[in-house]
Amino acid sequence: MSFSLAIVGRPNVGKSTLFNRLVGKRLALVDDQPGVTRDLREGEARLSDLRFTVIDTAGLENETDDSLPARMRRLTERAVEEADICLFLIDARAGILPDDEVFAEILRRRAGHVILAANKAEGSAADGGVIEAYSLGLGEPIRLSAEHGQGLDELYQVLLPLS
Ligand code: GDP
Ligand code: MG
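Using numbering that gives the first Met the number 0, the first residue of the sequence shown is number 0, and each one after it goes up by one.
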């Protein structure tokens, strides 16, 4: 059975980088500037022998605003409703920020599968952020590096029983 996986999280945590790695084509726009992906974006993902639909979320209207814009929250809630599984990314180098808590709250309310992953986790600079991620109340985080392709085997192991 195939399933759909939505990648959610605040801007700049590496959602589009992971999307591109899973899809293998540059379908989503990646940029240093937060919130550069404007809408939901779908692709056909491959992870070892798993095939599934992956959804990249974004949609910041105002990048200079400190608070998380309502549009981004709405997009995330839509993705959360539509997808079978949510992969919630945090930036392990930045640690847990207030906006991460906003997403965690949306996801804790949700019935269904939520996978927590601490991205940018290559190297020891990420260790503190990985520990902090436990405080989100969403279980044990997977250590990921979307940019370097690390932790994808752990992601596979978590997705396999859900597929
Ligand atoms: P998004 O806003 O969540 O979609 O984040 P992007 O995928 O656009 O990535 C934001 C920035 O983080 C870019 O500069 C990426 O190159 C960088 N990035 C993404 N994944 C990693 C990672 O695993 N490690 C590090 N160090 N940087 C990453
Ligand atoms: Mg993006």
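Note that beta-carbon positions come from the ideal geometry of N, C-alpha and C, so glycine has one too.
**Study point:** Check whether L96 and R9 have beta carbons under 9 angstroms apart
**Key:** Taking the first residue of the sequence shown as position 1, residue 96 is located at position 97. Taking the first residue of the sequence shown as position 1, residue 9 is located at position 10. Taking 9 angstroms as the Cβ cut-off, L96 and R9 qualify as a contacting pair.
Review point. Would the beta-carbon of L151 fall within 9 angstroms of that of L161?
Key: Here residue 151 corresponds to residue number 152 of the sequence shown, with the count starting at 1. Here residue 161 corresponds to residue number 162 of the sequence shown, with the count starting at 1. No. Outside cutoff.
Practice item. Could you spell out the range, first to last residue, of the beta strand (DSSP E) harbouring A44? Key: By one-based count along the sequence shown, residue 44 stands at place 45. Where A44 is concerned, the enclosing beta strand (DSSP E) stretches over 40-46.
Check your understanding: Cα separation between L74 and A57?
Key -> Residue mapping note: residue 74 aligns to position 75 of the sequence shown, counting from 1. Residue mapping note: residue 57 aligns to position 58 of the sequence shown, counting from 1. Cα to Cα, the separation comes out at about 7 angstroms.
**Study point:** Sufficient close CB pairs (3 or more, under 8 angstroms) joining the segment 71-85 to the segment 93-108
**Key:** yes
Check your understanding: Does the segment 41-53 come close enough to the segment 129-149 to have 3 or more Cβ pairs within less than 8 angstroms?
Key -> no
**Study point:** Inter-residue Cα distance where the pair is R50 and S1
**Key:** Numbered from 1 along the sequence shown, position 51 holds the residue referred to as residue 50. Numbered from 1 along the sequence shown, position 2 holds the residue referred to as residue 1. Approximately 6 angstroms between the Cα atoms of the pair.
Exercise for review: Can you have a look at G127 and say buried or exposed, based on whether 16 or more other CB atoms are within 10 angstroms of its CB?
Suggested key: Within the sequence shown, the letter at position 128 stands for residue 127. By the neighbour-count rule (16 or more Cβ atoms within 10 Å), G127 is not buried but exposed.
Check your understanding: Taking 8 angstroms as the cut-off, does the CB of G23 come closer than this to any heavy atom belonging to ligand 1?
Key -> Here the question's residue 23 lines up with position 24 in the sequence shown. Checking every heavy atom of ligand 1 against the Cβ of G23, none is found closer than 8 angstroms.
Practice item. Mind checking who I114 pairs with in its DSSP beta bridge? Key: Against the sequence shown, residue 114 aligns to sequence position 115. Bridge partners of I114: L86.
Review point. Around the C-beta of D48, are 16 or more other C-beta atoms found within 10 angstroms, so that it is buried, or is it exposed?
Key: Position 49 of the sequence shown, counted from the start, is the residue given in the question as residue 48. Exposed: under 16 other Cβ atoms inside 10 Å.
Practice item. Given a cut-off of 9 angstroms, decide if L4 and C85 are closer than it, judged by their beta-carbon atoms. Key: As a working mapping, residue 85 is identified with position 86 in the sequence shown. As a working mapping, residue 4 is identified with position 5 in the sequence shown. Cβ atoms of C85 and L4: closer than 9 angstroms.
Practice item. Consider the C-beta atom of V79 and the heavy atoms of ligand 1; say whether any pair is separated by less than 8 angstroms. Key: Your numbering for residue 79 matches position 80 in the sequence shown. False, no ligand heavy atom lies under 8 angstroms from that Cβ.
Check your understanding: When you compare only the Cα positions, how much space is there between N61 and P68?
Key -> Within the sequence shown, numbered from 1, the residue matching residue 61 stands at position 62. Within the sequence shown, numbered from 1, the residue matching residue 68 stands at position 69. Because the pLDDT at N61 is just 46, under 50, the model does not fix this residue reliably, and the value given afterwards should be weighed accordingly. Each residue's alpha carbon lies about 7 angstroms from the other.
Practice item. Run the proximity test for L154: is its beta-carbon closer than 8 angstroms to any non-hydrogen atom belonging to ligand 1? Key: Here the question's residue 154 lines up with position 155 in the sequence shown. Because no heavy atom of ligand 1 lies under 8 angstroms away, the Cβ of L154 does not count as near it: no.
Check your understanding: Ends of the alpha helix (DSSP H) at L4?
Key -> Within the sequence shown, numbered from 1, the residue matching residue 4 stands at position 5. L4 -> not in any alpha helix (DSSP H); beta strand (DSSP E) instead, spanning 3-7.
Review point. Going by beta carbon distance, what residues of the same chain come within less than 8 angstroms of V157, once the five residues before and after it are set aside?
Key: Position 158 of the sequence shown, counting from 1, holds the residue named residue 157. Excluding positions up to five away in sequence, the list reads I114, I141.
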